[in-house]
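Engineer: Per the numbering used here, residue 35 is the first one in the sequence shown, and the count goes up by one each step. From the three backbone atoms N, C-alpha and C, an ideal C-beta is built for every residue, glycine too. Fair warning: this is a prediction, and the values are worked out from it, not measured in the lab.
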Amino acid sequence: MLIQIIDFIYVLIIQTLRLYSFIWFIWIIISWLTAFGAINLDYYNPIVRFFYNITDGIIDRIFGDFRSKFIIGVIDISPLIFLLIINMVLPQIIRFIYISIYYEFFR
35 MLIQIIDFIY VLIIQTLRLY SFIWFIWIII SWLTAFGAIN LDYYNPIVRF FYNITDGIID
95 RIFGDFRSKF IIGVIDISPL IFLLIINMVL PQIIRFIYIS IYYEFFR
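Right, here's the structure in full:
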């Protein structure tokens, strides 16, 4: 029973990280399209404005001040750094914790 709970928590954390990675990807695409003038965040484009407000709100609440430190000139590399952290570093840390808990309780 305990192993099923641990497995569920592990899968839940990994899926949450994937969802957050997808939110970053949507935010990157919308910010590029608005920067190059392909779309506008005005009153006449409510769907794009809705997605931008949702993704920007989630990203700013979690990484607001930290994100401003990764701007080099006019290039913002914070999405690249956070996508690397979310997709490569955090799953390895979570997997290590999962294996440690598993071996601690079920040797």
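Let me confirm a value: Y86 is counted as buried when at least 16 other C-beta atoms fall within 10 Å, else exposed. Which label applies?
Structural biologist: Position 52 of the sequence shown, counting from 1, holds the residue named residue 86. Buried: at least 16 other Cβ atoms inside 10 Å.
Engineer: Go ahead and label F116 buried or exposed: buried means 16 or more other beta carbons lie within 10 angstroms of its beta carbon, across all protein chains shown.
Structural biologist: By one-based count along the sequence shown, residue 116 stands at place 82. Its Cβ being crowded by 16 or more others within 10 Å, F116 is buried.
Engineer: By a C-beta neighbour count over all protein chains shown, 10 Å radius and 16 as the cutoff for buried, is T16 buried or exposed?
Structural biologist: Outside the modelled stretch of the chain, which goes from 35 to 141, sits residue 16, for which no answer is possible.
Engineer: Report back the beta-carbon spacing between L67 and I60 to the nearest angstrom; my notes put them in contact at under 8 Å.
Structural biologist: Sequence index remark: in the sequence shown, residue 67 carries index 33 (1-based). Sequence index remark: in the sequence shown, residue 60 carries index 26 (1-based). So it is not a contact: roughly 11 Å between Cβ atoms.
Engineer: Measuring only the C-alpha atoms, how far is I135 from I128?
Structural biologist: Stepping through the sequence shown from its first residue, residue 135 is reached at position 101. Stepping through the sequence shown from its first residue, residue 128 is reached at position 94. Going from the Cα of I135 to the Cα of I128 covers about 11 Å.
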